[in-house]
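Inspection log for the structure reproduced underneath, given as structure tokens.
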Amino acid sequence: MIRRLRFLLTAALLCFQAPTVAHADAGQRPAGAGAASASVPASGIATPALWVVRDEDTTLYIFGTSHMLPQGVEWLRGPVRQAFAQADTLVLEMVQPENPAVLRPLIMRLGLNPQGTTLSSQLPEKLRAQITQAATQVGLPAAALEPMRPWLAATTIAVAGLQGLGLDPSHGVEHVLTSYARSSGKRITGLETAEQQFGFLASLPEEDQLALLRSSIEDLETLRTEASTLMTSWMRGDIETVGKLMNESLKESPHLAKILLTERNQRWAAWIDQRMDEPGRVFLAVGAGHLAGRDGLIRLLERKGLKVERVAMEASAPAGARP
């Protein structure tokens, strides 16, 4: 059976900045999280996917990101580094605050149960026991999950499991680009707000939230293999494999697909189409999962009549200096 955790995994790595309480505490790794596994790429030269759309006075690069990465992956290099250095504006899915703790009130409002209601009180006995075991497995105290709504507990378990493999939001593409953009004075803007992003999962019906939680626990054993495949595909710029994994993961979750991918891609394609009417050089960085497939951002732009060109990468090109 194709399980929904694969979507949470794909989301956390490639397409959706799934919020966790840890993110609001400056992205700290959970207690007990291990070092990078040998089966997950821990370092190396990456050639992730980059496209460009041009007209007479506008150049807009579209870069497929991974929201979480292990330390030591060299991706800001070659054409990607050059495109970013030349851009006057960085556009992200969501602008990351300089102090992630400012997101805590928002996560508490959308992700926590009303006072006096616990996560375990909403679960059948078997799932309560599994939650405790899963928390221990990913290095979290089980009590930390108790105040959470099921969607937040599910994403927290998934992200903590990834962090245990050495994948970390602080090494993710958005974090790195934001740091460089701020230090160099580039304009930074977001396609969405934090409240919109967190609200996508918070608005799911309770039944769907419980299904995500159940799958996040059941599929922890496959996390290492799935993460390895996705990371390797991203590093190679293999969008077709990313798209195939995502399409498979969404066969059981059409409602999630509509909210987190299809509708967002459509809004972003409309934004890019309008942005091409303004002069400038833009570096747009969104999760790589948004770029794949017939309903992906690239195909949507082509259907709007825009010429979208894949930028060739050179695997042997040096990383170069700070952009």
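All residue numbers for the sequence shown refer to the working numbering, where the first residue is 898 and numbers rise by one.
Even glycine gets a Cβ: it sits at the ideal position worked out from N, Cα and C.
Model, not experiment: these values are computed from the prediction.
Problem - Rounded C-alpha distance that separates residue 1038 from residue 1011 - result: As a working mapping, residue 1038 is identified with position 141 in the sequence shown. As a working mapping, residue 1011 is identified with position 114 in the sequence shown. Their Cα atoms are separated by approximately 20 Å.
Exercise for the section: Could you tell me which residues DSSP pairs with residue 1194 in its beta bridges? Expected result: If you number the sequence shown from 1, residue 1194 lands on position 297. None, per the DSSP bridge assignment.
Practice task
Answer yes or no: do residue 1099 and residue 1007 have a C-beta to C-beta separation smaller than 8 Å?
Solution key: Residue numbering aside, residue 1099 sits at position 202 when the sequence shown is read from its first letter. Residue numbering aside, residue 1007 sits at position 110 when the sequence shown is read from its first letter. Taking 8 Å as the Cβ cut-off, residue 1099 and residue 1007 qualify as a contacting pair.
Practice task
May I have the straight-line CA-CA distance separating residue 1192 from residue 1144, to the nearest angstrom?
Solution key: Here residue 1192 corresponds to residue number 295 of the sequence shown, with the count starting at 1. Here residue 1144 corresponds to residue number 247 of the sequence shown, with the count starting at 1. Answer to the nearest angstrom: the Cα atoms are 10 Å apart.
Handout entry: Boundaries of the beta strand (DSSP E) in which residue 845 is found, first to last residue
Key = One cannot answer for residue 845 here, as it falls past the ends of the chain, which runs 898 to 1220.
Problem - Under the three-state DSSP convention, the category residue 1045 falls into - result: Taking the sequence shown and counting its residues from 1, one reaches residue 1045 at position 148. If DSSP states are grouped into helix, strand and coil, residue 1045 belongs with the strands.
Problem - Beta bridge counterpart(s) of residue 956 as assigned by DSSP - result: Locating residue 956 in the sequence shown gives position 59, counting from the first residue. For residue 956, which the question treats as bridged, DSSP gives the partners 951 and 1178.
Handout entry: Contact with chain D by residue 1062, beta-carbon distance below 8 Å
Key = Here chain D cannot be found, since the structure has a single protein chain.
Exercise for the section: Report yes if the CB atom of residue 1178 is closer than 8 Å to the CB atom of residue 956, and no otherwise. Expected result: Taking the sequence shown and counting its residues from 1, the one referred to as residue 1178 is at position 281. Taking the sequence shown and counting its residues from 1, the one referred to as residue 956 is at position 59. For residue 1178 and residue 956, yes; Cβs fall inside 8 Å.
Practice task
Could you tell me if residue 1182 is buried or exposed, where buried requires 16 or more neighbouring beta carbons within 10 angstroms of its beta carbon?
Solution key: As a position in the sequence shown, residue 1182 is number 285, starting the count at 1. Label assigned to residue 1182: buried.
Problem - Inside the segment 961-1018 only - beta strand (DSSP E) runs reaching at least 3 residues - result: 986-991
Practice task
Using only the heavy atoms of the ligand ATP, determine whether one of them is closer than 7 Å to the beta carbon of residue 1137.
Solution key: The ligand ATP is absent from the structure shown, which contains no ligands of any kind.
Practice task
Could you name the residues of the same chain whose beta carbon sits closer than 7 Å to that of residue 1040, not counting the 5 residues immediately before and after it, in chain order?
Solution key: What you label residue 1040 is simply residue 143 of the sequence shown in a count that begins at 1. Excluding sequence neighbours, residue 1040 sits near nothing in its chain.
Problem - Cβ distance (whole Å) where residue 1134 is taken to contact residue 946 below 8 Å - result: Along the sequence shown, read from residue 1 onward, the residue named residue 1134 stands at position 237. Along the sequence shown, read from residue 1 onward, the residue named residue 946 stands at position 49. Going by Cβ atoms, the distance from residue 1134 to residue 946 rounds to 4 Å, so yes, they are a contact pair.
Exercise for the section: Compute the distance between the beta-carbons of residue 964 and residue 1087, then report whether it is under 8 Å. Expected result: Counted from its first residue, the sequence shown places residue 964 at position 67. Counted from its first residue, the sequence shown places residue 1087 at position 190. For residue 964 and residue 1087, no; Cβs fall outside 8 Å.
Exercise for the section: Could you name the residues of the same chain whose beta carbon sits closer than 7 Å to that of residue 1129, not counting the 5 residues immediately before and after it, in chain order? Expected result: Taking the first residue of the sequence shown as 1, we reach residue 1129 at position 232. Excluding positions up to five away in sequence, the list reads 938.
Practice task
State the DSSP-derived secondary structure class of residue 1139, mapped to helix, strand or coil.
Solution key: In the sequence shown, residue 1139 corresponds to position 242, counting from 1. Correct three-state label for residue 1139: helix.
Practice task
Excluding the 5 residues preceding and the 5 following residue 1166 in the sequence, name in chain order all residues of the same chain whose CB lies nearer than 7 Å to its CB.
Solution key: Here residue 1166 is taken as the residue at index 269 of the sequence shown, counted from 1. So the list reads 1194, 1197, 1198 and 1201, once near-sequence residues are dropped.
Handout entry: DSSP-derived helix/strand/coil call for residue 1087
Key = Position 190 of the sequence shown holds residue 1087. Strand, per DSSP.
Handout entry: residue 1133, DSSP secondary structure in three states
Key = Counted from its first residue, the sequence shown places residue 1133 at position 236. Coil at residue 1133, not helix or strand.
Practice task
Starting from the C-beta of residue 1097, find all residues in its chain whose C-beta is less than 7 Å away, skip the five residues before and the five after it, and write them out in chain order.
Solution key: To locate residue 1097, count along the sequence shown from 1; it is residue 200. Excluding residues within five positions, the ones whose Cβ falls inside 7 Å are 1156 and 1157.
Exercise for the section: Going by CA-CA distance only, name the one from 1033, 1063, 1031 and 1139 that's closest to residue 967. Expected result: On the sequence shown, position 70 is the one that residue 967 refers to. Minimum Cα distance to residue 967 is reached at 1063.
Handout entry: Residue(s) in a DSSP beta bridge with residue 1183
Key = As a working mapping, residue 1183 is identified with position 286 in the sequence shown. Its beta-bridge partners are 961.
Handout entry: Cβ neighbours of residue 952 in the same chain (closer than 8 Å, five flanking residues each side left out)
Key = Here residue 952 refers to the residue found at position 55 of the sequence shown. In chain order, 1173 place their CB closer than 8 Å to the CB of residue 952, counting only its own chain and leaving out the 5 sequence neighbours on each side.
Practice task
May I ask you to verify whether the segment 1076-1087 touches the segment 985-992, counting CB pairs closer than 8 Å and requiring at least 3?
Solution key: yes
Problem - Endpoints, the beta strand (DSSP E) within which residue 1206 is located - result: Residue numbering aside, residue 1206 sits at position 309 when the sequence shown is read from its first letter. The continuous beta strand (DSSP E) containing residue 1206 extends over residues 1205-1207.
Practice task
Return helix, strand or coil for residue 1096, following the three-state DSSP convention.
Solution key: Taking the first residue of the sequence shown as position 1, residue 1096 is located at position 199. Residue 1096 falls in the helix class under three-state DSSP.
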